[in-house]
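Visitor:
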Amino acid sequence: MTKSRFNPWTWLWVTVATLYFFVPLWGTFDFSLRMKRGAITFLAYQKVFADPKFLQSFRYSATMGVITVIVSIMLFVPTTYWIHLKLPRLRPVVELLTLLPFIIPVIVLVFGLIRTFSRPPFRMTQTEFTTDILITAGYVILSMPFMFRAVDVGMRAIDVRTLTEAAQSLGAGWLRVLLSVILPNLRVAILSGSLITFATVVGELILADFLVRPALGPYMVVVGGGKAYEPAALGILSFGLTWICLGIIQLVSRGDVRLQPIGR
Amino acid sequence: MAFLEISGITKHFGQGAGAAVDDFSLSVERGEFISFLGPSGCGKTTTLRVVAGFEQANAGSVHINGAEVSSVPANRRNVGMVFQAYALFPNMTVAENVGFGLRVAGQPAALMQARVAEMLELIRLPDYGRRYPHQLSGGQQQRVALARALAVQPQLLLLDEPLSALDAKIRIELRSEIRRIQQELKLTTIYVTHDQEEALSLSDRIVVMNLGRIEQVGTPFEIYNYPRTAFTASFVGHLNLLPVQVTDAATGACTFEGTALASSQPAPNKQAGSARLAIRPEELVLGGAGANRLSGRVLSVNFLGNVVRVRVRVGAVELSVDMFNERKLVLPAVDAQVVLSFPAHACWLMD
Ligand SMILES: Nc1ncnc2c1ncn2[C@@H]1O[C@H](COP(=O)(O)OP(=O)(O)OP(=O)(O)O)[C@@H](O)[C@H]1O
Ligand SMILES: [Mg+2]
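Chains A and B supply the protein sequences, listed in that same order. FYI, in my numbering the residues of the first sequence are 93 to 356. FYI, in my numbering the residues of the second sequence are 95 to 445.
#1: Should residue 169 of chain B and residue 234 of chain A be called a contact, given that it needs their Cβ atoms to be closer than 9 Å?
#2: Curious, which full-length alpha helix (DSSP H) runs of at least 4 residues does the region 295-352 of chain B contain?
#3: Against residue 268 of chain A, what residues of chain B qualify as contacts under a CB-to-CB distance less than 7 Å, listed in chain order?
#4: Shorter than 9 Å from the beta carbon of residue 259 of chain A to some beta carbon of chain B?
#5: Starting from the C-beta of residue 364 of chain B, find all residues in its chain whose C-beta is less than 7 Å away, skip the five residues before and the five after it, and write them out in chain order.
#6: What does residue 276 of chain A touch in chain B if you count any residue whose Cβ is under 7 Å from its own?
#7: Who are the Cβ neighbours of residue 142 of chain B in its own chain at under 6 Å, not counting the five residues just before and after it?
#8: Measure the C-alpha to C-alpha separation of residue 371 of chain A and residue 232 of chain A and round it to an integer number of angstroms.
#9: Just checking my contact of residue 378 of chain B with residue 402 of chain B at CB under 8 Å: how many whole Å lie between their CB atoms?
#10: Check each residue's C-beta against every heavy atom of ligand 1 and list, in chain order, those closer than 5 Å.
#11: Using a Cβ-Cβ cutoff of 7 Å, what residues of the region 144-178 of chain B are near chain A? List them in chain order.
#12: If distances are taken between C-alpha atoms only, which option among A/136, A/117, A/105 and A/333 comes closest to residue 315 of chain A?
#13: From this set, B/434, B/300, B/418 and B/316, which residue's C-alpha is nearest residue 355 of chain B's C-alpha?
#14: Considering only residues of the same chain and omitting the five flanking positions on each side of residue 278 of chain A, which have a CB-CB separation below 6 Å?
#15: Any idea which residues DSSP pairs residue 417 of chain B with across the strands?
#16: Quick one: give me the first and last residue of the alpha helix (DSSP H) that residue 241 of chain B is part of.
#17: Decide if residue 342 of chain A is buried, meaning its Cβ has at least 16 other Cβ atoms within 10 Å, or exposed.
#18: Please name the residues in the region 227-243 of chain B whose beta-carbon is closer than 9 Å to at least one beta-carbon of chain A, in chain order.
#19: For residue 321 of chain B, decide whether its Cβ has a neighbour in chain A, counting only Cβ atoms nearer than 9 Å.
#20: Thinking just about the alpha-carbon of each residue, which of B/390, B/367 and B/305 is nearest to the one in residue 410 of chain B?
#21: Taking any Cβ of chain A, which residues in the region 243-254 of chain B have a Cβ under 9 Å from it, in chain order?
#22: Would you mind telling me which residues of chain B sit closer than 7 Å to residue 251 of chain A, beta carbon to beta carbon, in chain order?
#23: Any heavy atom of ligand 2 closer than 8 Å to the beta-carbon of residue 254 of chain B?
#24: Verify whether the separation of the beta carbon atoms of residue 104 of chain B and residue 146 of chain B is less than 9 Å.
#25: Please find out if some non-hydrogen atom of ligand 2 comes closer than 8 Å to the beta-carbon of residue 286 of chain B.
#26: Using three-state DSSP, classify residue 100 of chain B as helix, strand or coil.
#27: Nearest by alpha-carbon distance to residue 164 of chain A: which of A/180, A/317, A/243 and A/312 is it?
#28: Name the DSSP beta bridge partners of residue 391 of chain B, please?
#29: Rounded to whole angstroms, what is the Cα-Cα separation between residue 247 of chain B and residue 174 of chain B?
#30: Can you tell me whether residue 251 of chain A is buried or exposed, with buried defined as 16 or more other CB within 10 angstroms of its CB?
#31: If we ignore side chains and look at the alpha-carbon of each, how far apart do residue 428 of chain B and residue 383 of chain B end up?
#32: Can you confirm whether residue 265 of chain A, when its beta carbon is compared against all beta carbons of chain B, has any partner nearer than 9 Å?
#33: Can you pull the chain A residues whose beta carbon is under 7 Å from the beta carbon of residue 195 of chain B, in chain order?
#34: Exposed or buried, what is residue 412 of chain B when buried is set at 16 or more other beta-carbons lying within 10 Å of its beta-carbon?
#35: At a CB-CB cut-off below 8 Å, which residues of chain B make contact with residue 273 of chain A?
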C-alpha cells in the first residue's frame, strides 16, 4: 500500500484529473473578478449580494431545502429501517423505485404534479402555501435517490436487525430503538443524505420555474440571461456552497470515531 | 409446571418450506443450564428466537414462570439475549451499553451506576466503562454483551453461539466464565451451540437436535454414554461402527466377519439380521482381556497430547482407538498386527 503512493502513474492521473477539474473553475473564478476593466475586483460579487432578489430567492430555496431535508428524513429513515428489518426481499424493488427520478425527466414530474394537483379537488396551486407543499413533495421525490441510498448504506454498515433485537430484549420499544440505537448510528449517513438533498433543492430549476416560486434556480437563469459577470460569480458561490456541504460530511464522518464499524 | 415450559413448538418459514422447528417440547427447571446442540440449520436459533419473542411459532406454546407468553412482545418478556455478533451499540460506551436496559426501565441514575459497576466487576472488566465497543477485543465485547443482558436481571438468559466468533483459547476461558456467572446468579439459561465440547462441559442437560426435532435430552453423561439414537451417537463424540449380523436379538449377540461378538443390550428392532455395532474409541483397548476380541493392522498413530489416537484396519472397516497418554506408554508401530478388545457392556447395537 505505502509503495503505491510513489507510483508515477498515480501522480500523472492525479495531475490530469486536477487540471480537468480546476482549470474551468479557475477560469470562471478569474472571469468573475474582471467586471471592472483592467482590475481585479469583487465587484460582481458585490452586485450579486446587493440584489435583494438574490437574497430573497436564496432564503426561499434554503428554507425549502431545510424543510425537504426534514420531510425526507422523517419519510426515509423509518421506511428504510422497516424494509431492512421486516421486508428485506422488498429492498431491490424500493431501490428501483427510488431511482425513478433519474429516469423520469423533471419536466414530466412537474407536469404530472400540476395536472393532478392544480385542479379540483386539490387546487393546490391557488395559494402560495399549498404550492409550497406541492413543491416540497416534488423536491422530496427528486432527492429520494440520494436520501434513500445514504440511509440504506448506513443501515447496511450496522447490523440493524441484531441491534434492534438486542435493544428489544433489554426492554426497549420501537420508538426507543429507533431514537436511541438506530438514529445515532446513522448520523453520518443521514447528514450526508441531508446535505446532498439540500444542495439538490438549492440548485433545482424546473420545479420552481413551472410552479412559479421565487427560488434560486430560476433567479440564476434570469441573471444568466442578461448579464455576463454576475452569473460567473453566482456559479462560484453555489460551487462554494456545495463544497462546504461536502466538507462538513468529511469532517463529521472522520471526526467521530464512534461511528466507525464495530472493531474486532 | 416447570419454570420454562416449551410445548409443541412448530415453525415453518413460508408455505411449502419444511418445518424449521418441528413439535419441540422441553421443560426447564429454574436455575438450569440447558444447551441446544445440533448441526447447522437444525433449528436451534429458531427455537431460541421463539422463546425470546422474535419469532412467532405456527403452533405450540411457551410458558415462562407460569405465564403463557405467545402474545407478549419481546421487549416485555424480560428475557436476556446474547448474540454471536455481540451486537453492542456502537454509539454508546461500555457503561452506557450495560446501563441501557436500566435506562429504558427508568431506573434512577445512582442505582444505574451502581448496577453497571457491579456488572463490570462480575465480568472482570471494571475499568472499561468509558471505552467504546470498537476499542475492545472480541472476547471483551462478548463479556460486555453478557453484562448488558444480565444488568436488567432477566428471568431467563438465552445465548446464541456466543463464543463461535472467538478463537479457541478465549473460547475456553470465556465459557467457564459464563458457567461461573450462571451458577453465581442461579440463572435459568439456554445456550445454543454446535460445539459438542462446549455443550458437554457447560450444561446441566443437553438437547440434541436434528432437522428441527429433538433427538435426545439428557445430562452430558447420558448423552455421551447412552445415546438413544444413531444421530446422537455419531454427532456427540467419535463413534466406531461395525457392520454386524445379529445372531440373537434378545441377548445382543452378533458376528462380525465370522467373529462372534457380545453386547449387553438386546438389538433395537428385536430381530436378527444386519445391524451396526457401536463402540467409542476410548473403550477399545490394544491387547487387553475384554470379552470381544478383533485382530487388525495398525494404519496410523496420531499423537494428540493427552490422547493417542490409533487407526486400525479390521477386516473391511477402520476403527479408531484412543489411548490415554502416559510416559511409559509404548506406541504401536504402523503396520503391526494388533488385537483389539472391548467388554460387552461398552458396545451397543444400532439399526
Ligand atoms: N428468516 C428465515 N426465513 C426462512 N428460513 C429460515 C429463516 N430463519 C431460519 N430459516 C431456516 O430454518 C432452518 C433452521 O434455522 P436455524 O437458524 O434455526 O438453524 P440453526 O440450528 O441455528 O443453525 P446454525 O447452527 O447454522 O446457526 C434452516 O433450514 C434455515 O434455513
Ligand atoms: Mg443459529
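For glycine and all other residues, C-beta sits at the position ideal for the given N, C-alpha and C.
Guide: Checking against the coordinates, here is how it stands:
#1: Against the second sequence, residue 169 of chain B aligns to sequence position 75. Against the first sequence, residue 234 of chain A aligns to sequence position 142. Not in contact: residue 169 of chain B and residue 234 of chain A (Cβ atoms no closer than 9 Å).
#2: The alpha helix (DSSP H) runs of length 4 or more contained entirely in the region 295-352 of chain B are, from start to end of the chain, 314-319 and 324-329.
#3: Translated into positions along the first sequence, residue 268 of chain A becomes position 176. Against residue 268 of chain A, the close residues of chain B are 198, in the order they occur along the chain (beta-carbon pairs closer than 7 Å).
#4: Mapped onto the first sequence, residue 259 of chain A falls at position 167. Taking Cβ atoms only, chain B reaches closer than 9 Å to residue 259 of chain A, which makes this a yes.
#5: For the purposes of this step, residue 364 of chain B is taken as the residue at position 270 of the second sequence. So the list reads 343, once near-sequence residues are dropped.
#6: Counting from 1 along the first sequence, the entry for residue 276 of chain A is found at position 184. Against chain B, a Cβ distance below 7 Å from residue 276 of chain A picks out 185.
#7: Against the second sequence, residue 142 of chain B aligns to sequence position 48. Here the set comprises 252, 254 and 286.
#8: Summary: the structure shown does not reach residue 371 of chain A, with chain A confined to residues 93 through 356, and so no result is reported for it.
#9: For the purposes of this step, residue 378 of chain B is taken as the residue at position 284 of the second sequence. For the purposes of this step, residue 402 of chain B is taken as the residue at position 308 of the second sequence. With a beta-carbon spacing of about 12 Å, residue 378 of chain B and residue 402 of chain B fall beyond the 8 Å limit used to define contacts.
#10: Around ligand 1, the residues whose beta-carbon falls short of 5 Å from at least one of its heavy atoms are B/107, B/114, B/134, B/135, B/136, B/137, B/138, B/139, B/140 and B/288, given in chain order.
#11: Within the region 144-178 of chain B, the residues whose Cβ lies closer than 7 Å to some Cβ of chain A are 146, 148, 168, 169, 173, 174, 175 and 177, listed in chain order.
#12: Locating residue 315 of chain A in the first sequence gives position 223, where the first residue counts as 1. Closest option to residue 315 of chain A, Cα to Cα, is A/136.
#13: Sequence index remark: in the second sequence, residue 355 of chain B carries index 261 (1-based). Among B/434, B/300, B/418 and B/316, the Cα nearest to that of residue 355 of chain B belongs to B/434.
#14: As a first step, residue 278 of chain A must be located in the first sequence, where it is residue number 186. The beta carbon of residue 278 of chain A sits closer than 6 Å to the beta carbons of 246 from its chain, once the five residues preceding and following it are set aside; these are given in chain order.
#15: For this step, residue 417 of chain B is matched to residue 323 along the second sequence. Partner(s): B/402.
#16: The residue labelled residue 241 of chain B in the question sits at position 147 within the second sequence. It spans 232-245 - the alpha helix (DSSP H) in which residue 241 of chain B sits, taken as one unbroken run.
#17: What you label residue 342 of chain A is simply residue 250 of the first sequence in a count that begins at 1. With fewer than 16 other Cβ atoms inside 10 Å of its own Cβ, residue 342 of chain A counts as exposed.
#18: Taking 9 Å as the Cβ-Cβ cut-off against chain A, the residues of the region 227-243 of chain B that qualify are 227, 228, 229, 230, 231, 232, 235, 239, 242 and 243.
#19: Position 227 of the second sequence, counted from the first residue, corresponds to residue 321 of chain B. For residue 321 of chain B, no CB of chain A lies under 9 Å from its own CB, so it is not counted at the interface with that chain.
#20: Taking the first residue of the second sequence as 1, we reach residue 410 of chain B at position 316. Answer by Cα proximity: B/390.
#21: Those residues of the region 243-254 of chain B that come within reach of chain A (Cβ to Cβ, closer than 9 Å) are 243, 245, 246, 248 and 252.
#22: If you number the first sequence from 1, residue 251 of chain A lands on position 159. Residues of chain B passing the Cβ test: 179 and 181.
#23: On the second sequence, residue 254 of chain B is found 160 positions in, with the first residue counted as 1. Yes, since a heavy atom of ligand 2 falls inside the 8 Å radius drawn around the Cβ of residue 254 of chain B.
#24: Locating residue 104 of chain B in the second sequence gives position 10, counting from the first residue. Locating residue 146 of chain B in the second sequence gives position 52, counting from the first residue. Not a contact, by the Cβ cut-off of 9 Å.
#25: Along the second sequence, read from residue 1 onward, the residue named residue 286 of chain B stands at position 192. Distances taken from the Cβ of residue 286 of chain B to the heavy atoms of ligand 2 include one shorter than 8 Å.
#26: By 1-based counting over the second sequence, the position of residue 100 of chain B is 6. Assignment of residue 100 of chain B by DSSP, reduced to helix, strand and coil, places it in the strand class.
#27: Position 72 of the first sequence holds residue 164 of chain A. Cα-wise, what sits closest to residue 164 of chain A is A/243.
#28: Along the second sequence, one-based indexing puts residue 391 of chain B at 297. Answer is B/407 and B/431.
#29: Position 153 of the second sequence holds residue 247 of chain B. Position 80 of the second sequence holds residue 174 of chain B. If you take the alpha carbons of residue 247 of chain B and residue 174 of chain B, they lie about 8 Å apart.
#30: Walking along the first sequence from the start, residue 251 of chain A turns up at place 159. By the Cβ-count criterion, residue 251 of chain A is buried, with 16 or more other Cβ atoms from all chains shown falling within 10 Å of its own Cβ.
#31: The count along the second sequence starts at 1 and reaches residue 428 of chain B at position 334. The count along the second sequence starts at 1 and reaches residue 383 of chain B at position 289. Residue 428 of chain B and residue 383 of chain B: Cα-Cα distance of roughly 22 Å.
#32: The sequence position of residue 265 of chain A within the first sequence is 173, counting from 1. So, interface residue.
#33: Locating residue 195 of chain B in the second sequence gives position 101, where the first residue counts as 1. Within chain A, the residues whose beta carbon sits less than 7 Å from that of residue 195 of chain B are 262 and 263, listed in sequence order.
#34: Within the second sequence, numbered from 1, the residue matching residue 412 of chain B stands at position 318. Exposed, since its Cβ has fewer than 16 Cβ neighbours within 10 Å.
#35: Against the first sequence, residue 273 of chain A aligns to sequence position 181. Neighbourhood of residue 273 of chain A in chain B, by CB distance below 8 Å: 183 and 185, in chain order.
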